[in-house]
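Have a look at the structure below, then the notes.
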Amino acid sequence: MLQQQLTKLFIKYDESIPQDNILFKTQFFKMSNHKQVTLLLCSDDFIYKISGNNTKVYILKLNYEVRFSVKAEQTSKQIHKQMKGDEFHTQIYKFTLERDDCNSVEFYNFNFQTMYWFDYLRNKLHMLDYQTHYEINKLIGKGSFASVYEAKGKNDQQFYAAKAFYKKQVFQDPKGRDQIENEINVMRKLNHPNLINLHEVFESKAQIYLILDLARGGTLEYALKFHFQVQKIHDQGIIHRDLKPDNILFRDFIPLKRYGLINVGNNIMISDFGIATPKKQRMAVYQYCGTPGYMAPEVFLTENDNNQTYDEKCDIFSLGCILYYILIGHPLFGQPVKQTNMEMKIDFAQLEKDLNQSHSLSILLQKMLSLNPQDRPSCREILESKIMEVEYGDDGIPVFRDFQRPKSSPPKRMQPLHPDIDRSKRQSVLNPKMIKLMPILEEKQEIRNSGKDRTTIIIKQRNSHFDEERTPAQRVIAARRSSAYIPSSNQNSRK
């Protein structure tokens, strides 16, 4: 049986090692005593340590409290001769394990096989020394318990988002650690281009860093078929529980006029799985949770009654609130948000008027916002609805096929000030008052510069036969005629 000891990383293990569960094993030595070889064996849930005489076995359970790092360092001849003998190795691999309640333990090896530990454990444990792998740049977001930074990978030179949790602040909540680990576990199960994917997790004495996909395009501000991404989450057996515009991101910036309502590949992503939970199970963290204004009525019932429960249909209600906000231009529930959200007083008759009598779209929203979760459609049913089909308008912008644009009068054309004037000729835009102030152009102008070996001569010639009959003001008009006139709007019609 395992005995809980807070001062030692590995605890004594008196049972036999289940060899069938061992994935790989490697021999290590300690820097302080290089002659004593230690064998480490890795399984899905444990690391076994066997001393050189094969008599003592110790075990370490792999959980979120354990952190590790694998570093390749340059070695010297002096260290090599001290530790291994005559054969020289250019690199030595340091494998470090630690936990908050005990000192770190270091193992060394010259074998590249040590990197197998890195590839396997990086998806199970938190890593040490994020500075070795990433360069943290500017702050791009800040919340109550976490800050998000732009980070650059030192190996691949790619940009990521580093979500930093401050442990001292987060752990003030008894469920703070569980919430972070729940977010990590959920994101490790999900892997899709339309989701914010988790790459690595780092932890130090003070902070926890989640290395995520970087979405440069901002948050959702306009309608598109984002239900497809939520369907992928539900297909994985996950309830998001905090869907809102701030958690629907664009991977890259795309102008809204070009974006419209269409799905442009993998650009849209859903983020923030901090309170997500598996379906058909007891809620992983918190039962009453979410953002007021986007919370389903059955979620409010759990505030004072932990026996109440709900399923993925709470996400459908949140999607209805988002779709309303996108189409109407303001949130569904006014101030105070929590109170109006709980009261659920939705005027569906006014909703259809706001949607310009788009009956099918109004019916879809009513179903998504239904008080009874069983009356709400699934994401798949929403996607199969004809209302989700789009068509392109005269302006080239895609809109919902059933959505009726508001009626408006066409823009008025400007009428000519003097209808009797023949506007087939181009009219001057020069101000007659300004013409009198302009210098009179000479018939011939000769300009010479003072360069050493070159002389520039600019000569402007006019037809003297016509110019002699013109006044100075008329000459100015003639000189600027090529660029000072605009065509008449009805010029083509008079040809």
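Per UniProt numbering, the very first residue in the sequence shown carries number 1; after that it's consecutive.
For every residue, glycine included, the Cβ atom is placed at its ideal position computed from N, Cα and C.
With H, G and I counted as helix, E and B as strand and the rest as coil, what does DSSP make of residue i?
i: residue 312; result: coil
i: residue 192; result: coil
i: residue 17; result: coil
i: residue 207; result: strand
i: residue 392; result: Any reading at residue 392 must be qualified, since the residue scores a pLDDT of 47, below 50, and its modelled position is unreliable; the value itself is stated next. It is a strand residue.
i: residue 10; result: coil
i: residue 240; result: coil
i: residue 294; result: coil
i: residue 58; result: strand
i: residue 22; result: coil
i: residue 153; result: strand
i: residue 286; result: coil
i: residue 319; result: helix
i: residue 248; result: strand
i: residue 136; result: strand
i: residue 177; result: helix
i: residue 327; result: helix
i: residue 347; result: coil
i: residue 302; result: coil
i: residue 372; result: coil
i: residue 51; result: coil
i: residue 113; result: coil
i: residue 332; result: coil
Let me confirm a value: residue i is counted as buried when at least 16 other C-beta atoms fall within 10 Å, else exposed. Which label applies?
i: residue 20; result: exposed
i: residue 307; result: exposed
i: residue 183; result: buried
i: residue 249; result: buried
i: residue 31; result: exposed
i: residue 49; result: buried
i: residue 121; result: buried
i: residue 334; result: exposed
i: residue 409; result: Below a pLDDT of 50, predicted positions are generally treated as unreliable, and residue 409, at 36, falls in that range; the measurement from the model is reported next regardless. Counting Cβ neighbours within 10 Å, residue 409 comes out exposed, since fewer than 16 surround it.
i: residue 112; result: exposed
i: residue 272; result: buried
i: residue 361; result: buried
i: residue 446; result: For residue 446, the predicted structure reports a pLDDT of 42, less than 50, and the residue's modelled location is therefore unreliable. A value from the coordinates is still provided. Label assigned to residue 446: exposed.
i: residue 55; result: exposed
i: residue 114; result: buried
i: residue 312; result: buried
i: residue 126; result: buried
i: residue 63; result: exposed
i: residue 304; result: exposed
How about residue i and residue j: do their beta carbons lie closer than 9 Å?
i: residue 99; j: residue 231; result: no
i: residue 500; j: residue 212; result: Shown here, the chain extends from 1 to 495; a query on residue 500 therefore has no answer.
i: residue 66; j: residue 94; result: no
i: residue 108; j: residue 10; result: no
i: residue 144; j: residue 164; result: no
i: residue 351; j: residue 382; result: no
i: residue 299; j: residue 293; result: no
i: residue 131; j: residue 167; result: no
i: residue 128; j: residue 47; result: no
i: residue 238; j: residue 189; result: yes
i: residue 187; j: residue 214; result: no
i: residue 110; j: residue 91; result: yes
i: residue 229; j: residue 270; result: yes
i: residue 133; j: residue 155; result: yes
i: residue 385; j: residue 377; result: yes
i: residue 196; j: residue 274; result: no
i: residue 117; j: residue 202; result: no
i: residue 124; j: residue 58; result: no
i: residue 234; j: residue 279; result: yes
What residues match up with residue i in a beta bridge as DSSP calls it?
i: residue 38; result: 28
i: residue 69; result: 96
i: residue 187; result: Answer is none; residue 187 lacks a bridge partner.
i: residue 148; result: 141, 163
i: residue 212; result: 161, 198
i: residue 273; result: Partner(s): none; residue 273 has no beta bridge.
i: residue 126; result: 67
i: residue 105; result: 97
i: residue 91; result: 74
i: residue 46; result: 61
i: residue 278; result: 238
i: residue 381; result: DSSP lists no partner for residue 381.
Can a CB atom of chain D be found closer than 9 Å to the CB of residue i?
i: residue 68; result: Judged by its chain identifiers, the structure shown contains no chain D, having just a single protein chain.
Is the number of C-beta pairs between the region 233 to 244 and the region 316 to 324 that are closer than 8 Å three or more? Contact between the region 233 to 244 and the region 316 to 324 is present, because at least three Cβ pairs lie under 8 Å.
Please determine if the region 361 to 372 and the region 310 to 319 are in contact, where contact requires at least 3 C-beta pairs separated by less than 8 Å. Touching, yes, given that three or more Cβ pairs across the two stretches are closer than 8 Å.
Any chance the region 128 to 141 sits against the region 39 to 48, with 3 or more Cβ pairs inside 8 Å? Touching, no, given that fewer than three Cβ pairs across the two stretches are closer than 8 Å.
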